[in-house]
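In what follows, a structure is listed as structure tokens, so that the remarks can point back to it.
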Amino acid sequence: MTQKILIVDDEPNILILMEQVLEELEDEGVELLTARNGEEALETIKTEKPNLVFLDVMMPKMSGLQVCQIVKQDLQMNDIYIAILTAKGQEFDKQKGIEVGADLYLTKPFRPKEVLEKSKQVLGLCKNI
46 MTQKILIVDD
56 EPNILILMEQ
66 VLEELEDEGV
76 ELLTARNGEE
86 ALETIKTEKP
96 NLVFLDVMMP
106 KMSGLQVCQI
116 VKQDLQMNDI
126 YIAILTAKGQ
136 EFDKQKGIEV
146 GADLYLTKPF
156 RPKEVLEKSK
166 QVLGLCKNI
């Protein structure tokens with residue numbers, strides 16, 4: 046079964062950067078999906094059921110925190126790993142992310158290697174040597 050990663054950000058440059066960071070996973074059969082706002086993200090999550098979601102917080106139509114809360118608490122889709130990826134790095138913001146059910150909270154600017162390693166870990170693609 047194909048594993049899927051959904052990248053959600055309203056900033057085109059971030060979407061492009063994230064796709065570049067994660068494109069090597071496509072060789073492992075991982076499908077990369079994108080969404081540009083909270084509503085689109087929620088629809089994609091419902092229809093595609095990605096294994097991993099990188100979710101921006103500040104977006105049009107619906108914030109990443111709202112999307113996360115709906116997915117984790119209302120829809121009970123706890124098998125979807127949600128990583129909040131945001132410029133909001135205050136402890137208060139992190140706490141909010143954890144409260145709504147985020148599995149991971151990363152702040153921008155992020156380290157591409159960290160994003161790639163975490164993705165491999167979540168999808169079980171780590172090469173055990």
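Residue numbers (our numbering): 46 to 174. Ideal Cβ placement from N, Cα and C applies to all residues, glycine included.
According to DSSP, which residues form a beta bridge with residue i?
{"i": "T79", "result": "I52"}
Any idea what DSSP makes of residue i, helix, strand or coil?
{"i": "F137", "result": "helix"}
{"i": "V112", "result": "helix"}
{"i": "I127", "result": "strand"}
{"i": "L67", "result": "helix"}
{"i": "L120", "result": "coil"}
{"i": "T152", "result": "strand"}
{"i": "L97", "result": "strand"}
{"i": "V167", "result": "helix"}
{"i": "G142", "result": "helix"}
Pick out whichever of the options has its Cα sitting closest to the Cα of residue i.
{"i": "E71", "options": "E144, T92, Q140 and K49", "result": "K49"}
{"i": "D119", "options": "V66, E159 and K91", "result": "K91"}
{"i": "P105", "options": "K163, M122, L97 and E84", "result": "E84"}
{"i": "P95", "options": "V75, I143 and L130", "result": "V75"}
{"i": "L97", "options": "S108, Q121, I127 and N123", "result": "I127"}
{"i": "L170", "options": "Q65, E73 and L67", "result": "E73"}
{"i": "I125", "options": "I59, L60 and S164", "result": "S164"}
{"i": "T131", "options": "L149, T47 and L168", "result": "L149"}
{"i": "A147", "options": "P154, F155 and D138", "result": "D138"}
Starting from the C-beta of residue i, find all residues in its chain whose C-beta is less than 7 Å away, skip the five residues before and the five after it, and write them out in chain order.
{"i": "I174", "result": "Caution applies to I174, whose pLDDT of 41 falls short of 50 and renders its modelled position unreliable; the value that the coordinates give is listed next. Correct list: empty, nothing qualifies."}
{"i": "A80", "result": "L51, V53, A86 and T89"}
Go through its chain and collect everything with a Cβ distance to residue i's Cβ below 6 Å, but skip five positions before and after it.
{"i": "V145", "result": "L110, C113 and Q114"}
{"i": "M107", "result": "G83 and E84"}
In its own chain, which residues sit with a C-beta less than 8 Å from the C-beta of residue i, not counting the 5 before and 5 after it?
{"i": "E56", "result": "D101"}
{"i": "L161", "result": "V66, L67, E69 and L70"}
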